[in-house]
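A short write-up of the structure that comes next.
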Amino acid sequence: MAKSLRLPVSGGTLEDYAIANAPLAAPERPAGGHAFNRVAYAAAHVVVDPLADNDPWLDRNIDWERTVAFREYLWDLGLGVAEAMDTAQRGMGLDWAGAKELIANVQSAARRRPDALIAYGAGTDHLPPGPGVSIDDVIQAYEEQVAYVEEQGGRIILMASRALAAAAKSPEDYVRVYDRILRQVRQPVIIHWLGDMFDPALAGYWGSRDDMQAMETAVAIINDHATKVDGVKISLLSAEKEIVMRRKLDPAVKMYTGDDFNYAELIAGDEKGYSHALLGIFDAIAPAASAALQKLGADDLAGFHAILAPTVPLSRHIFKAPTRFYKTGVVFLAYLNGFQNHFQMLGGQQSTRSMVHLAELFRLADEARVLRDPDLAVSRMKTILATAGI
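Read in order, the letters of the sequence shown correspond to residues 164 to 553 in my numbering.
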């Protein structure tokens, strides 16, 4: 099959494009396990069932077999799974009822694998924000979701709360909520600070629209409960802010980068420290992430950057503003790479990016060497282009 096609470009024209790079070989699973010196989670997407007879904007239609199989693929590469997070369309197609079903199904698979690193998002998304919602309501909502994850035997990623962002009147309200929850959890959690570029409803989180002021509140809460916090995932798309916060944390608390723009340099670190990883882009570039982390674990920093650096332009494109629509690019790449046989998403979210955007994603994925079967990728790209009359 010819590895060439015509792709749209900005301005309404088409150009010829030919696959230029061989795919990166997926690293083999070592007998003793992958030798990483960073903890690395991939926030994983869900695969829908396109044949479900329902209303796709309103109903859940998850293909559990393929969804779980994708988690197995990530585990085989040595990556952990951050489950039921925003990459799984939490709050944008996946509600709490669906998240509970997802957590139960994936935790069942994880129990069969001693090497399965996994943590689950617990938040308050079943509590709609509104003027009648109190701080006590927010606490109760968090407690309900935390209890469910713990009943399943899972570890917790404490997600940012839209309801808390709407109800809080001051930083002290955040202190009250997190103090209450962290005192109760059975094992250390990962706290997630998700910036408003990912979710506009979280603007002003930690009680301030100034990120540096908000950081002071967050750091104080985390350090006061350091024995109950495994780490914090910061998703502000700012390497500078992440480094500042990283250096303020209690030494026992990990920094998990959620910066899909600058992850390579943040994971590599500097003379004063480094970040671990909890990234949505690791879903899309899992083989490259695994291979790069193997290099880093072998003290081959040049090899690490040689593999990971070409993926950064791809990630910046997938996560470009409006950043909350990045899930479309992640699922599109999963389709191109054969992990699902369709390009459909919960809530019809496949429609949030343009054909020009998807075409550029295809080019950048080739440059990053993450099209694992170029023939298949070209064929599937042509199928998508045909729906736009190309």
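Glycine included, every Cβ here is placed at the ideal spot set by N, Cα and C.
Please determine, among the options, the residue with the shortest C-alpha to C-alpha distance to residue i.
| i | options | result |
| --- | --- | --- |
| G195 | W220, A181, G241 | G241 |
| A415 | P292, H439, A389, Y498 | A389 |
| R487 | R516, H468, F361 | F361 |
| A310 | Y426, V352, G358, G370 | V352 |
| N180 | F525, R201, F445, V296 | It should be pointed out that residue 180 corresponds to Tyr in this sequence rather than to Asn. Nearest of F525, R201, F445, V296 to Y180, Cα basis: F525. |
| Q512 | D222, E191, R169 | D222 |
| D218 | L527, G510, V541 | G510 |
| A272 | E246, G460, G394 | E246 |
Measure the C-alpha to C-alpha separation of residue i and residue j and round it to an integer number of angstroms.
| i | j | result |
| --- | --- | --- |
| E178 | T550 | 18 Å |
| P193 | I320 | 28 Å |
| F199 | A452 | 11 Å |
| R325 | V296 | 11 Å |
| I266 | T176 | 44 Å |
| R318 | L345 | 13 Å |
| M164 | I547 | Bear in mind that the predicted position of M164 carries a pLDDT of just 43, short of 50, making it too unreliable to give a figure here. |
| S173 | Q315 | 48 Å |
| G501 | D359 | 32 Å |
| S517 | Y426 | 26 Å |
| E313 | P213 | 32 Å |
| D422 | K483 | 12 Å |
Under 7 Å between the Cβ atoms of residue i and residue j?
| i | j | result |
| --- | --- | --- |
| V301 | A329 | no |
| L168 | A522 | no |
| V209 | A251 | yes |
| T287 | P334 | no |
| F424 | R479 | yes |
| I568 | T474 | One cannot answer for residue 568 here, as it falls past the ends of the chain, which runs 164 to 553. |
| G284 | M255 | no |
Who are residue i's beta bridge partners in DSSP?
| i | result |
| --- | --- |
| A440 | A203, T420 |
| T287 | According to DSSP, T287 bridges with nothing at all. |
| D433 | G436 |
| T176 | V172 |
Grouping DSSP H, G and I as helix and E and B as strand, with all else coil, what is residue i?
| i | result |
| --- | --- |
| L345 | helix |
| P171 | strand |
| I397 | strand |
| W227 | helix |
| R480 | First, the residue type needs correcting, since residue 480 is His and not Arg in the sequence shown. Helix, per DSSP. |
| S357 | Sequence inspection shows Leu at residue 357; the Ser mentioned does not correspond to that position. Strand, per DSSP. |
| I319 | strand |
| A247 | coil |
| V382 | helix |
Any heavy atom of the ligand NAD closer than 6 Å to the Cβ of residue i?
| i | result |
| --- | --- |
| V244 | Judged by which ligands are present, the structure shown has none, so any question about the ligand NAD falls away. |
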